[in-house]
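Numbering (my numbering), first residue to last: 0 to 250.
The beta carbon of each residue, even a glycine, is placed where N, CA and C say it ideally should be.
Read the structure below first, then the notes.
Given below as structure tokens:
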């Protein structure tokens with residue numbers, strides 16, 4: 000029998016509340032679930048800083064993630080398709096990909112701020128760097144994993160290169176590419192919050208909100224911001240899972 004996610008969440012919240020009630024950890028270091036819930040309401044009504052509410056911060060962070068990840072998909076998927084289909088391109092460019100890929104997106108923060116400022120452009124660029132390579136590698140692997148007998152069958156039936164791509168390679172690599180998008184979206188979300196901590200925020204964003212609460216020593220609002228980040232990330236993951244299931248329902 001599978002454990003319900005709601006039951007597990009309530010169990011964790013119960014243990015958390017019990018620890019806070021016993022006084023083992025000072026309230027200045029760990030806010031209770033009840034205090035965090037009240038802080039979430041306060042953030043939605045009043046905001047942190049005042050006038051900048053939680054929905055405003057969440058919308059700005061989400062916009063940055065969608066722009067950066069969208070660019071990564073638009074540019075990364077064709078690159079992955081090309082590398083997967085061409086051994087010559089793969090041999091020439093994969094070493095460059097393997098050289099740049101291990102560089103953490105946050106290592107680019109100083110250059111992003113210098114080149115693009117503190118607004119949407121620099122945040123989207125950092126998210127793009129985090130999401131681009133998972134999309135490229137997953138798409139490339141998906142193309143290479145397609146059974147070549149299907150390619151030969153299309154050619155025997157008179158299909159040309161376009162037919163091979165349309166009927167075999169693109170559908171065949173789609174599940175792997177969607178997995179790459181999911182991974183890239185998760186990395187992009189983590190990159191964004193860390194980048195907002197590092198200064199790429201422009202006055203709005205969940206990371207900026209958490210830092211503002213920290214400066215005022217509002218641990219309840221800091222933890223409420225963390226909960227908000229988790230909820231938005233969970234919603235994006237569930238939405239992408241549903242989209243993936245719809246697109247590859249033939250599998």
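Nearest to residue i by CA position, among the options, is which residue?
{"i": "residue 153", "options": "25, 133 and 167", "result": "167"}
{"i": "residue 123", "options": "61, 181 and 132", "result": "61"}
{"i": "residue 46", "options": "202, 242 and 118", "result": "202"}
{"i": "residue 196", "options": "189, 207, 186 and 149", "result": "207"}
{"i": "residue 57", "options": "242, 223 and 81", "result": "223"}
{"i": "residue 64", "options": "205, 248 and 211", "result": "205"}
{"i": "residue 8", "options": "44, 121 and 230", "result": "230"}
{"i": "residue 192", "options": "41, 228 and 169", "result": "228"}
{"i": "residue 236", "options": "182, 145, 140 and 21", "result": "182"}
{"i": "residue 112", "options": "194, 28, 209 and 218", "result": "194"}
{"i": "residue 190", "options": "147, 216, 121 and 159", "result": "121"}
{"i": "residue 142", "options": "15, 89 and 69", "result": "89"}
{"i": "residue 209", "options": "20, 16 and 35", "result": "35"}
For residue i versus residue j, is the C-beta distance shorter than 8 Å?
{"i": "residue 80", "j": "residue 108", "result": "no"}
{"i": "residue 175", "j": "residue 138", "result": "yes"}
{"i": "residue 38", "j": "residue 220", "result": "yes"}
{"i": "residue 307", "j": "residue 187", "result": "Look at the range of the chain in this structure, 0 to 250, and you will see that residue 307 is not part of it."}
{"i": "residue 150", "j": "residue 72", "result": "no"}
{"i": "residue 43", "j": "residue 54", "result": "yes"}
{"i": "residue 84", "j": "residue 218", "result": "no"}
{"i": "residue 246", "j": "residue 169", "result": "no"}
{"i": "residue 135", "j": "residue 75", "result": "yes"}
Determine the DSSP secondary structure at residue i, reduced to helix, strand or coil.
{"i": "residue 24", "result": "coil"}
{"i": "residue 47", "result": "coil"}
{"i": "residue 149", "result": "helix"}
{"i": "residue 247", "result": "coil"}
{"i": "residue 52", "result": "coil"}
{"i": "residue 156", "result": "coil"}
{"i": "residue 133", "result": "helix"}
{"i": "residue 63", "result": "helix"}
{"i": "residue 202", "result": "coil"}
{"i": "residue 118", "result": "coil"}
{"i": "residue 87", "result": "helix"}
{"i": "residue 216", "result": "coil"}
{"i": "residue 103", "result": "coil"}
{"i": "residue 30", "result": "coil"}
{"i": "residue 140", "result": "helix"}
{"i": "residue 312", "result": "This structure cannot speak to residue 312, because the chain is shown only from 0 to 250."}
Which value, in whole angstroms, describes the spacing of the CA atoms of residue i and residue j?
{"i": "residue 171", "j": "residue 133", "result": "18 Å"}
{"i": "residue 82", "j": "residue 131", "result": "14 Å"}
{"i": "residue 51", "j": "residue 77", "result": "39 Å"}
{"i": "residue 178", "j": "residue 243", "result": "8 Å"}
{"i": "residue 118", "j": "residue 127", "result": "15 Å"}
{"i": "residue 13", "j": "residue 211", "result": "28 Å"}
{"i": "residue 97", "j": "residue 103", "result": "13 Å"}
{"i": "residue 26", "j": "residue 238", "result": "35 Å"}
{"i": "residue 232", "j": "residue 129", "result": "16 Å"}
{"i": "residue 114", "j": "residue 10", "result": "47 Å"}
{"i": "residue 140", "j": "residue 101", "result": "18 Å"}
{"i": "residue 49", "j": "residue 165", "result": "53 Å"}
{"i": "residue 24", "j": "residue 18", "result": "7 Å"}
{"i": "residue 215", "j": "residue 4", "result": "34 Å"}
{"i": "residue 144", "j": "residue 106", "result": "33 Å"}
{"i": "residue 22", "j": "residue 40", "result": "24 Å"}
{"i": "residue 99", "j": "residue 110", "result": "15 Å"}
{"i": "residue 86", "j": "residue 116", "result": "39 Å"}
{"i": "residue 20", "j": "residue 6", "result": "21 Å"}
{"i": "residue 270", "j": "residue 16", "result": "Because the chain here runs from 0 to 250, residue 270 falls outside it and cannot be looked at."}
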